[in-house]
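Be aware that the sequence shown starts at 76, since it is given in this note's numbering, and climbs by one per residue. We put the beta carbon where it would ideally sit given N, CA and C, even for glycine.
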Amino acid sequence: MSDYDKGSVSSADGTVIGYRRFGSGPAVLLVHGGMQASQNFIELAGALATDFTVHVPDRRGRGLSGPHGDDYGVAREVEDVQALVAATGAARIFGLSSGALVALRTALDTPALERVALYEPPLSVNGSAPTGWLPRFDREIAAGKNAAALVTVVKGLRIDPVLGRIPRFVLVPLLPLAMRVKELPEDDVPMAELIPTQRFDVGLVRELADTVEDYAALDARVLLLGGSKSPVYLGVALDALADVLPHARRVTFDGLGHLGPDDDGDPRRVAETLRDFFLS
76 MSDYDKGSVS SADGTVIGYR RFGSGPAVLL VHGGMQASQN FIELAGALAT
126 DFTVHVPDRR GRGLSGPHGD DYGVAREVED VQALVAATGA ARIFGLSSGA
176 LVALRTALDT PALERVALYE PPLSVNGSAP TGWLPRFDRE IAAGKNAAAL
226 VTVVKGLRID PVLGRIPRFV LVPLLPLAMR VKELPEDDVP MAELIPTQRF
276 DVGLVRELAD TVEDYAALDA RVLLLGGSKS PVYLGVALDA LADVLPHARR
326 VTFDGLGHLG PDDDGDPRRV AETLRDFFLS
């Protein structure tokens with residue numbers, strides 16, 4: 076595991092946003108997606124740390140950061156990243172999934188962000204992003220059925236085609252075994268705590284639905300990233316953004332899926348492309 080130290084900033088509403096910091100060089104922010112925390116980008120951060128000071132925050136509601144708060148929404152997430160930009164001097168940002176939505180929306184209101192890399196933001200275009208599974212998810216979380224809720228997310232979002240083909244009655248009893256870890260590293264968040272946060276990320280998707288035309292005003296250079304094995308609706312979002320962004324380039328990673336940048340994907344491969352973009 077790559078060495079890091081820790082820091083924090085205060086967002087506009089006073090919420091503490093903690094982060095892990097790796098390496099040295101120009102500042103870069105990595106913004107994780109749903110049911111993730113900074114622990115999911117350890118390998119990606121380590122691969123970039125030879126050229127950059129990489130800051131990997133825990134988005135609010137998990138890990139090193141404070142709670143979501145009563146008035147949670149896109150505005151709070153944007154304020155969190157803006158606080159990080161102000162504190163670190165970062166002009167470069169990468170986001171995965173809902174973290175890519177946050178990075179994109181922040182860049183629209185933050186001229187200091189000059190290079191923005193987005194891996195499959197689930198930007199809904201005319202209802203393209205699936206959210207119909209959320210009521211079942213909420214019922215399962217309320218009943219304390221975290222494994223069942225995780226299966227509902229996996230099948231609802233269709234991000235893992237292999238798991239998606241396994242019947243629910245098989246998956247539900249297996250997942251608690253897969254999630255059971257004897258001892259996590261000190262700063263890592265257990266999956267059981269991350270699963271309930273997914274409803275907040277779905278809220279972001281709903282709030283930002285059909286806003287693609289807004290990004291025609293974005294002046295930053297943008298790198299749109301995706302995997303060849305990802306669900307079609309994520310490609311729909313990338314296509315729509317490519318059509319409106321004035322300074323965008325598109326890269327597709329053959330053989331990767333939605334979690335390509337994650338530690339369980341191929342983060343070093345993604346890091347090579349990010350390094351070239353951030354240094355260009």
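Query raised in the report: Do T227 and V277 have their C-beta atoms within less than 9 Å of each other?
Result: no
Query raised in the report: Under 9 Å between the Cβ atoms of E195 and S355?
Result: no
Query raised in the report: How many angstroms separate the CA atom of L119 from the CA atom of V345?
Result: 8 Å
Report task. Can you grab the Cα-Cα spacing for the pair F353 / H143, in whole Å? Result -> 30 Å
Query - C-beta atoms of T181 and H130 nearer than 9 Å - result: no
Report task. Taking only the alpha-carbon atoms, compute the straight-line gap between P210 and A224 and give it to the nearest angstrom. Result -> 10 Å
Report task. Could you check what DSSP says for P210 in three-state terms: helix, strand or coil? Result -> helix
Requested in this report: Evaluate T272 with the Cβ neighbour count: other Cβ atoms within 10 Å of its Cβ, from every protein chain shown; 16 or more gives buried, anything less gives exposed.
Outcome: buried
Query raised in the report: Are the beta-carbon atoms belonging to S86 and R151 less than 9 Å from one another?
Result: yes
Requested in this report: Would you mind reading off the limits of the alpha helix (DSSP H) that contains G170?
Outcome: Run containing G170: none in the alpha helix (DSSP H); it sits in the beta strand (DSSP E), R167 to L171.
**Report entry** Contacting residues, own chain, Cβ-Cβ under 8 Å from E215 (five flanking each side not counted)
**Finding:** N221, A223, A224 and T227
Query raised in the report: How many angstroms separate the CA atom of I234 from the CA atom of L331?
Result: 11 Å
Requested in this report: For the beta strand (DSSP E) containing P132, list its first residue and its last residue.
Outcome: T128 to P132
Query raised in the report: How is L299 classed by DSSP in three states: helix, strand or coil?
Result: strand
Requested in this report: Go ahead and label V106 buried or exposed: buried means 16 or more other beta carbons lie within 10 angstroms of its beta carbon, across all protein chains shown.
Outcome: buried
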